[in-house]
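One structure is given below, encoded as structure tokens.
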Amino acid sequence: MLGCKEFYDKTAARWAENGYLDEAEPKCMDEFCALLPAGGRVLDLCCGAGYESFRLRRRGFRPVGLDFSGESLAIARERNPEVPFFQGDLLESCPQVGPVDGVICIAGLVHVETADLPLAFRRISEVLKPGGYLLASVRYGTGRMEERSVSEIDGETYDRNFIAHNEEELTAAMGKDFTLVREMPSDMKIWACYLFQKNKEVRV
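Using the numbering used here, you'd call the opening residue of the sequence shown number 16 and step up by one each time.
What follows is the structure, encoded as structure tokens:
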């Protein structure tokens, strides 16, 4: 059985076809971007084919993308030649990204086990400037969703390990570096968007 990276390598073109549509823009993007400094650097974490990076650049920001799917990144680079994209895992350090004013992670945490959420927040904190904002969307719920995890494409079986999360899990994992600001508007009830701010000083 093939894994999550192979799934997104296989389906990269399909995600790009849908992701660049105007109607695919997250409902809360305006509100999130209004919090960022004009022209600021924003990490598009788990960027896939680069559609959120495209939207951020169109709004005047300087996006940088990170994803583990090489096929997705190939499309992202072709569609956004001015944007730097790096291949990597969100649970690993990514000093190549450099400091950023904001982080957007649309659906990226759905492939992170609940036990690994604290590590994900630590990695984000490593690049996010104090006072910076994180926008994260998750499939609302808890635990592995079997029907969303396993699929068959062209005779091959893929397991992308699709994990739902809730607000309690996220706030328990965010550590002392972050504060949950509020839940943001979402296009679908089954998806929840949360706004976090990195504290300017670490809370004791």
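Virtual Cβ for every residue (Gly too), placed ideally from N, Cα, C.
Everything numeric in this text was worked out from a predicted model, so none of it was measured.
Q) Count the other CB atoms within 10 Å of the CB of I241; is the residue buried (16 or more) or exposed (fewer)? A) It is not possible to answer for residue 241, since the shown part of the chain is limited to 16 through 219.
Q: Might you give, ordered along the chain, the residues of its own chain that have their beta carbon closer than 7 Å to the beta carbon of K215, omitting 5 neighbours on each side?
A: P145, G146
Q. Taking buried to mean at least 16 other C-beta atoms within 10 Å of its own C-beta, is D59 buried or exposed?
A. buried
Q | Own chain partners of K20 with C-beta closer than 7 Å, once the 5 adjacent residues on each side are dropped | A | F83, S84
Q | Y35 to C61 span [Cα, whole Å] | A | 15 Å
Q: Return the chain-ordered ranges of every beta strand (DSSP E) run that is complete within the stretch 54 to 88 and spans a minimum of 3 residues.
A: 56 to 60, 77 to 82
Q) Just checking, does the stretch 97 to 110 make contact with the stretch 35 to 53 on the three C-beta pairs under 8 Å criterion? A) no
(Q) Rounded to the nearest angstrom, what separates D174 and E162 at their Cα positions? (A) 10 Å
Q: State the Cα-Cα distance for the pair V118 and E167, rounded to the nearest angstrom.
A: 32 Å
Q: Keeping to the same chain, check which residues put their C-beta closer than 8 Å to that of V115; ignore five residues upstream and five downstream.
A: G55, R56, V57, L58, V79, V142, L143, K144, G147
Q: Starting from S164, follow the alpha helix (DSSP H) in both directions and report where the run begins and ends.
A: 161 to 164
(Q) Between which two residues does the alpha helix (DSSP H) holding P145 run? (A) Per DSSP, P145 belongs to no alpha helix (DSSP H); it is in the beta strand (DSSP E), 143 to 154.
Q. Mind checking D189: buried by the 16 CB within 10 Å criterion, or exposed?
A. A small correction: the amino acid at residue 189 is Met; Asp does not occupy that position in the sequence shown. Its Cβ being crowded by 16 or more others within 10 Å, M189 is buried.
Q: For N33, collect the residues of the same chain with a Cβ closer than 8 Å to its Cβ; drop the 5 residues on either side in sequence, then sort them by chain order.
A: A39
**Q.** Residue from D131, E128, G158, G123 with nearest C-alpha to Y209
**A.** G123
Q: Can you check DSSP and say which residues form a bridge with G18?
A: For G18, which the question treats as bridged, DSSP gives no partner whatsoever.
Q: Would you kindly report the start and end of the unbroken alpha helix (DSSP H) that includes T129?
A: From DSSP, T129 is part of no alpha helix (DSSP H); its letter is neither H nor E.
(Q) One question on the structure: do T262 and L51 come within less than 8 Å of each other, judged by their Cβ atoms? (A) The requested residue 262 does not occur in the structure, where the chain is confined to residues 16 to 219.
Q. Roughly how many angstroms separate the alpha carbons of W220 and R154, rounded to a whole number?
A. One cannot answer for residue 220 here, as it falls past the ends of the chain, which runs 16 to 219.
Q) Would P133 be called buried (16 or more neighbouring beta carbons within 10 Å of its own) or exposed? A) exposed
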